[in-house]
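Accompanying notes for the structure given below.
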Amino acid sequence: RYMAGVDDFGNDIEITDPQAATLQPIARAALGSRNSRPFLEAAFGKDIMKQNPAFAGKVQAWYDRILHEGVHRVLDSLDEFAFGFADVDMGDGDENQLTRLSLLQMIKLTYEDLEHM
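Residue numbering for the sequence shown follows my numbering, beginning at 293 and increasing consecutively.
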């Protein structure tokens with residue numbers, strides 16, 4: 293979204309990236325097509341889909357969510373998830389399983405995972 297140079301409200305974003313001239317037109321096209329694949333291939337190489345299909349799939353899923361809900365709402369949901377469900381370890385040794393997870397690991401959890409904790 294950033295590389296497209298447009299925020300959730302259609303306002304221009306100043307891009308400071310050495311590859312902006314190459315990547316911005318591809319990112320803008322992705323806004324219309326909702327397909328992140330051409331951007332990923334341009335940014336990371338044509339083999340990104342073969343080398344790491346899980347990464348490409350996750351990027352697409354997050355991109356869809358950002359386009360549908362907006363960047364701020366998606367980021368807020370991460371805060372709610374990370375800090376709303378995980379207890380903060382106060383050093384008393386009484387921590388639950390979520391306090392040991394990194395934010396990246398939490399993002400990967402499903403509701404089924406949470407039910408079994």
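Backbone N, C-alpha and C define an ideal beta-carbon position, used for all residues, glycine too.
Is the stretch 348-364 touching the stretch 324-336 in the sense that three or more CB pairs, one from each, lie closer than 8 Å?
They touch, by the three-pair rule.
Can you give the Cα-Cα distance for I340 and A319, rounded to whole angstroms?
Counting only the Cα atoms, A319 lies some 17 Å from I340.
With DSSP collapsed to three states, give me the class of D368.
In this structure, DSSP gives D368 a helical state, which the three-state scheme calls helix.
D384 versus D304 - alpha carbon distance:
Note that D384 scores 47 on pLDDT, short of 50, meaning its location in the model is unreliable; the coordinates nonetheless yield the value given after this. A direct Cα-Cα distance of roughly 48 Å separates D384 from D304.
Apply the 10 Å Cβ neighbour rule to A346 and answer buried if 16 or more other Cβ atoms are within range, or exposed otherwise.
That one is exposed.
Buried or exposed: L370, going by 16 or more other Cβ atoms within 10 Å of its Cβ?
Exposed is the call here.
Same chain, Cβ closer than 8 Å to E333, neighbours up to 5 away in sequence not counted
Excluding sequence positions up to five before and after E333, its CB lies within less than 8 Å of the CB of I340 and M341, all in the same chain and listed in chain order.
Neighbour-count burial assignment, A296, 16 or more Cβ in a 10 Å radius:
Buried is the label assigned to A296, since at least 16 other Cβ atoms lie within 10 Å of its Cβ.
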